[in-house]
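> Take the sequence shown: its letters are residues 36 to 321, numbered as in my numbering.
Cβ coordinates follow ideal geometry from the N, Cα and C atoms, glycine included.
Note that this is a predicted model, so its numbers are computed, not measured.
Can you keep this structure in mind? I'll have questions shortly.
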Amino acid sequence: MENQWLKVSTKAEGAELTSILLKKDNTEYLWQGDPKIWGRHAPILFPIVGRLKENRCTIDGKEYHMTQHGFARDMTFDILEESEEHILYQLTSNEDTLKHYPYRFQLRVEYILKEKSIIIKYSVKNIDDQKIYFSIGAHPGFNCPLLEGESMEDYVLEFEKEEVLDKMCLDNGLILEEKQPFLNHEKTISLTKDLFINDALIVENTASKSITLKSTKSNKSVCVTFDEFRYLGIWSKPEGAPFVCIEPWLGIADYKDKTVDFKDKAGILSLDPEEESQCSYIISIE
Numbered sequence: 036m037e038n039q040w041l042k043v044s045t046k047a048e049g050a051e052l053t054s055i056l057l058k059k060d061n062t063e064y065l066w067q068g069d070p071k072i073w074g075r076h077a078p079i080l081f082p083i084v085g086r087l088k089e090n091r092c093t094i095d096g097k098e099y100h101m102t103q104h105g106f107a108r109d110m111t112f113d114i115l116e117e118s119e120e121h122i123l124y125q126l127t128s129n130e131d132t133l134k135h136y137p138y139r140f141q142l143r144v145e146y147i148l149k150e151k152s153i154i155i156k157y158s159v160k161n162i163d164d165q166k167i168y169f170s171i172g173a174h175p176g177f178n179c180p181l182l183e184g185e186s187m188e189d190y191v192l193e194f195e196k197e198e199v200l201d202k203m204c205l206d207n208g209l210i211l212e213e214k215q216p217f218l219n220h221e222k223t224i225s226l227t228k229d230l231f232i233n234d235a236l237i238v239e240n241t242a243s244k245s246i247t248l249k250s251t252k253s254n255k256s257v258c259v260t261f262d263e264f265r266y267l268g269i270w271s272k273p274e275g276a277p278f279v280c281i282e283p284w285l286g287i288a289d290y291k292d293k294t295v296d297f298k299d300k301a302g303i304l305s306l307d308p309e310e311e312s313q314c315s316y317i318i319s320i321e
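Here is the structure:
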């Protein structure tokens, strides 16, 4: 997709966003998926967000296995529509998905280019004859730093509003019951490698509807608007890596010390037969 400001690329594998290039100065904003560090760009998380305990869950008394963040990111989507500033992908349940997840669904992912923004829309439709349960989330990684001569420590994450937030803590990808204080009437998070030493930062029900990754040395920034999402994850490699992921989620990983049926997972969504759920977020180059 392309307009006078941006050139944006996606691929059918995982319906994944793969490039956000600012044409004015040729700056690439999206992480380019170096497999030696992290081989993805902006995977779609479906039908789970995060990790299941022992990579398995129980649905209607039967055990199913799914790896972290679900299978959609590793499947090839069909292209339903395509134009200069728009593309629509679709993934439909099949024999392979039913082995891991016993529900019939239709997942659509749509990218719309509008000035210096990309609108990303998710749609999940229940095409089963029973209620289905799912989570969905985004995982875009942004280059940090964006310019040569800068480092991650030259960047901050800035919420739209001052926040009073606790963060969820992870142990081997599973959520611990006890939360830790994180922000106290603050809106800015300074970026350091140590910030991610214990995995992703996860917060819930923020007052802000957007967060901006911005350089303190240049005018470079990228904003993610996530007003339809309950949870927000922020992640980079704990050993340090030149990217930061800003992740709007509807759903979270399993709790380490709780074992519940899939239908009772924290943040789980449900749809009746023929019902459809939609959500969207926006990436804006500022």
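1) Are the segment 205-220 and the segment 253-267 touching, with three or more C-beta to C-beta distances below 8 Å?
2) Are Ser170 and Gly286 touching if we call contact CB-CB under 8 Å?
3) Glu239 lies in the beta strand (DSSP E); which residues open and close that run?
4) Can you give, in chain order, each stretch of the beta strand (DSSP E) that sits fully within the segment 204-269 and has at least 3 residues?
5) Can the beta-carbon of Met203 be found closer than 8 Å to that of Lys228?
6) When DSSP labels each residue in this structure, what does Thr294 get in the three-state scheme?
7) Check the Cβ-Cβ distances between Ser225 and every residue of chain C, and say whether any is below 8 Å.
8) Opposite Pro283 in the DSSP bridges: which residues?
9) Could you check what DSSP says for Arg86 in three-state terms: helix, strand or coil?
10) In terms of DSSP beta bridges, what is Lys149 paired with?
11) Nearest by alpha-carbon distance to Ala276: which of Cys179, Pro283, Glu130 is it?
12) List in chain order: all unbroken beta strand (DSSP E) runs of 3+ residues lying wholly within the segment 99-174.
13) With a threshold of 16 other CB atoms inside 10 Å of the CB of Lys300, please say whether the residue is buried or exposed.
14) Could you check the C-alpha separation between Lys291 and Leu209 for me, to the nearest Å?
15) From Asp296 to His100, what does the alpha carbon distance come to, in whole angstroms?
16) Glu51 by DSSP, collapsed to three states: which one?
17) Is Glu311 helix, strand or coil when you go by DSSP?
18) Going by C-alpha distance, which of Ser44, Leu126, Asp189, Ala242 is nearest Lys58?
Answer, in terms of the structure:
1) no
2) yes
3) 236-239
4) 215-225, 236-239, 245-250, 256-260
5) no
6) coil
7) Chain labels in this structure do not include chain C; a single protein chain is all it has.
8) Leu267
9) coil
10) Ser152
11) Cys179
12) 113-118, 121-127, 140-149, 152-161, 167-169, 171-173
13) buried
14) 5 Å
15) 13 Å
16) strand
17) strand
18) Ser44
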